[in-house]
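Participant: Can you read through this structure? Questions will come right after.
Residue numbers (the numbering used here), protein chains in the order written: chain A, 13 to 209; chain B, 908 to 1236.
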């Protein structure tokens, strides 16, 4: 698995619950090191071991942790670059939703080794109900996407309702209802990146 | 539909322009102005009329925006049906990154078919990935330096290094251990390096390492502490005669020619020996200094010999009382 995913989970746990919790997770998961490197590859089993250990350690369901990870990835100031990349998807939340079809391809442009699930967005009849289907590994990524969708709604200032629905085997599905596109102000976004990027 | 277009009349007056083109001149109303006052056609050169532009039909034009920012544009021109002027479709090309900053452009300023936003996306994504990679490289570099600093081995010969020797010597002195210490300095090694090259020098050092390991016991320490300097520490061996025997054997074996690419490398060694009986209050530095003095006595005597340290050497007085041996004499 691409270290970027392992490293993201590590930073989320460390930043949200503190270093002591992370140390506890490291020892419960029997990690042979204390930090993941974003640009190295790791055995697939490691991230599940970390997730299980964190779930035990914090007494929180894995699903909740994954969804919180998705929110963290978008809203934490340290991850501004990821938020920016997602905002490139469009000027409105609706456009952003439509750009999710391309998310896998866009990620591959930047990091060819990064394996993300294939994502497909299906629009409802009245134009405000959508279904996002995530197919393929890593397992639980749909939960992360739920957090991302929620945080991006705040970013655009849109009001949405998210609901898990039962999908086919091997798929994770989220029902998205866009109630209002410009409910709040949202966060500032300019195409021109920070100086030096 | 085409935010980067300009429609020119045949006399060069701008009739209409796209919303993004208008942003290049926020303080001026482009329709009605002379096109060539606002844009310089740089390539092909010397185009200053609409008919000149029409001659380049279908060719790529390079324009420079005359607004003080010198933004460059690419463009193609096509005649409008019925001789009603020219339509120019433009794009920022590689200047898109600066243009977005200079004119505060947004995603909707680009045509849906324009790849500009994808290009920006790629630039940012690759920059972020590159930054992570550079961080990793820096950390790995730091780890490598730290590992080397903490290492106890000499990578060329596999012997212990200076750091390891310091550790062992300090430990022996503090623990009051008895030991003999030999400083071995190669003779004529520089000549091998200079005449046969560094590869020959490296080979010789590896051969020397083998001899030194052969002539010592497992519990002894053999360290390379400099280019052609070695230190041997003999645990619980303070018998001068035995140490001299070993020194003589080492010199004899090092004088055997070492073949390199069909040529013999000829070296020898000078040795200075000292012992610590474990009772006297002596520091590690002093022991090394004593061995060094004995070594230089060997060098003074014409190299290829061994000398045992005695107090006389400290005063550099007469050397009559030295127990010494010479392989060449």
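Think of the CB as a built atom: it goes at the ideal place given N, C-alpha and C, for glycine as much as any other residue. It should be emphasised that the depicted structure is a prediction, and the values quoted were computed from it without experimental measurement.
Since residue 1022(B) meets chain A, which of its residues come closer than 8 Å, beta carbon to beta carbon?
Facilitator: Within chain A, no residue comes near residue 1022(B); the closest Cβ sits about 12 Å away, beyond 8 Å.
Participant: What residue ranges within the segment 132-165 of chain A form continuous beta strand (DSSP E) runs of no fewer than 3 residues, ordered along the chain?
Facilitator: 141-147, all fully within the segment 132-165 of chain A.
Participant: Please report the distance separating the alpha-carbon of residue 980(B) from that of residue 930(B).
Facilitator: Cα to Cα, residue 980(B) sits roughly 14 Å from residue 930(B).
Participant: Do the CB positions of residue 915(B) and residue 932(B) come within less than 7 Å of each other?
Facilitator: The answer is no: Cβ separation not under 7 Å.
Participant: Quick one: what's got a C-beta closer than 7 Å to residue 1227(B)'s C-beta in the same chain, skipping five residues either side?
Facilitator: Residue placement at residue 1227(B) is poorly supported in this model, since its pLDDT is 41, which falls under 50; the coordinates still yield a value, given next. Closer than 7 Å at Cβ, skipping near neighbours: no residue.
Participant: Roughly how many angstroms separate the alpha carbons of residue 1135(B) and residue 15(A), rounded to a whole number?
Facilitator: The straight-line gap from Cα to Cα measures roughly 45 Å.
Participant: Would you mind telling me which residues of chain B sit closer than 9 Å to residue 122(A), beta carbon to beta carbon, in chain order?
Facilitator: Under the 9 Å cutoff, chain B gives 1028, 1029, 1031, 1032, 1033, 1035, 1036.
Participant: At 3 residues or longer, what runs of the beta strand (DSSP E) sit wholly inside the segment 1070-1136 of chain B?
Facilitator: Counting only runs of 3 or more, we get 1086-1094, 1128-1131.
Participant: Once DSSP output is grouped into helix, strand and coil, what is the label at residue 1228(B)?
Facilitator: Legend: pLDDT at residue 1228(B) = 42, less than 50; position of this residue unreliable, value from coordinates given subsequently. Of the three classes helix, strand and coil, the one that applies to residue 1228(B) here is coil, per DSSP.
Participant: Roughly how many whole angstroms lie between the Cα atoms of residue 1053(B) and residue 1046(B)?
Facilitator: Spanning the two alpha carbons is a distance of roughly 10 Å.
Participant: For residue 1011(B), go through chain A and note every residue whose CB falls closer than 9 Å to its CB, in chain order.
Facilitator: By Cβ distance, chain A contributes 202, 203, 204.
Participant: Just the chain B side, please: which residues come within less than 9 Å of residue 50(A) by C-beta, in chain order?
Facilitator: Ordered by position in chain B, the residues that pass the 9 Å Cβ test against residue 50(A) are 1036, 1039, 1040, 1042, 1043.
Participant: Hey, quick one: how far does the beta strand (DSSP E) through residue 176(A) stretch, first residue to last?
Facilitator: Taken as a continuous stretch (DSSP letters only), the beta strand (DSSP E) holding residue 176(A) covers 171-177.
Participant: Less than 7 Å between C-beta atoms, sequence neighbours within five positions excluded: which residues of the same chain meet that for residue 1014(B)?
Facilitator: For residue 1014(B), where only same-chain residues beyond five positions count, the Cβ hits under 7 Å are 1024.
Participant: Please list, in chain order, the chain A residues whose beta carbon lies closer than 7 Å to that of residue 1140(B).
Facilitator: Result: empty, since nearest Cβ-Cβ is about 36 Å, beyond 7 Å.
Participant: Using the rule of at least 16 other Cβ atoms within 10 Å of the residue's Cβ for burial, across every protein chain shown, is residue 1067(B) buried or exposed?
Facilitator: Flag for residue 1067(B) reads buried.
Participant: For chain A, find out if any of its Cβ atoms is closer than 7 Å to the Cβ of residue 1008(B); answer yes or no.
Facilitator: Chain A, which has a Cβ nearer than 7 Å to the Cβ of residue 1008(B), makes this yes.
Participant: From what residue to what residue does the beta strand (DSSP E) around residue 982(B) run?
Facilitator: Segment 979-986, the beta strand (DSSP E) holding residue 982(B).
Participant: Using a Cβ-Cβ distance under 7 Å, would residue 93(A) count as near chain B?
Facilitator: It does; some Cβ of chain B falls within 7 Å.
Participant: Less than 7 Å between the C-beta atoms of residue 1118(B) and residue 1160(B), yes or no?
Facilitator: Yes. Within cutoff.
Participant: Does residue 106(A) come out as helix, strand or coil in the three-state DSSP assignment?
Facilitator: Note: residue 106(A) maps to helix in three-state DSSP.
Participant: Can at least three beta-carbon pairs, one atom from the segment 1056-1064 of chain B and one from the segment 125-144 of chain A, be found at a separation below 8 Å?
Facilitator: As far as the Cβ criterion goes, the segment 1056-1064 of chain B does not touch the segment 125-144 of chain A, which means the pair count is below three.
Participant: Taking the beta carbon of residue 51(A) as the centre, do at least 16 other beta carbons fall within 10 Å, making it buried, or is it exposed?
Facilitator: Buried, because 16 or more other Cβ atoms sit within 10 Å of the Cβ of residue 51(A).
Participant: Does residue 954(B) come out as helix, strand or coil in the three-state DSSP assignment?
Facilitator: Of the three classes helix, strand and coil, the one that applies to residue 954(B) here is coil, per DSSP.
Participant: On the three-state DSSP scale, how would you describe residue 120(A)?
Facilitator: Helix.
Participant: I need the straight-line Cα distance from residue 1097(B) to residue 1115(B), nearest angstrom please.
Facilitator: Whole-angstrom Cα-Cα distance: 14 Å.
Participant: For the segment 96-107 of chain A, which residues have a CB atom closer than 7 Å to at least one CB atom of chain B, in sequence order?
Facilitator: From the segment 96-107 of chain A, only 96, 97, 100, 102, 103 have a Cβ closer than 7 Å to chain B.
Participant: Check the Cβ of residue 118(A) against every Cβ in chain B and list those closer than 9 Å, keeping chain order.
Facilitator: Going along chain B in sequence order, the residues near residue 118(A) (Cβ under 9 Å) are 1025, 1028, 1029, 1032.
Participant: So is residue 1079(B) buried or exposed if we call it buried at 16+ other beta carbons inside 10 Å?
Facilitator: It is buried - the Cβ of residue 1079(B) has at least 16 other Cβ atoms within 10 Å.
Participant: With a threshold of 16 other CB atoms inside 10 Å of the CB of residue 908(B), please say whether the residue is buried or exposed.
Facilitator: Residue 908(B) should be labelled exposed.
Participant: Identify every residue that forms a DSSP beta bridge with residue 1171(B).
Facilitator: 1166(B).
Participant: By Cβ distance, which residues of its chain are closer than 6 Å to residue 1131(B), with the 5 residues on each side in sequence left out?
Facilitator: Counting only Cβ-Cβ distances below 6 Å, and skipping sequence neighbours, we find 1061, 1064, 1066, 1137.
Participant: Which residues mark the beginning and the end of the alpha helix (DSSP H) in which residue 1153(B) is found?
Facilitator: Residue 1153(B) -> alpha helix (DSSP H) spans 1147-1161.
Participant: Below 7 Å between beta carbons: does that hold for residue 161(A) and residue 191(A)?
Facilitator: No, they are not a contact pair.
Participant: For residue 59(A) versus residue 18(A), is the C-beta distance shorter than 7 Å?
Facilitator: Closer than 7 Å, so yes.
Participant: Is residue 28(A) helix, strand or coil when you go by DSSP?
Facilitator: Three-state DSSP puts residue 28(A) in a helix.
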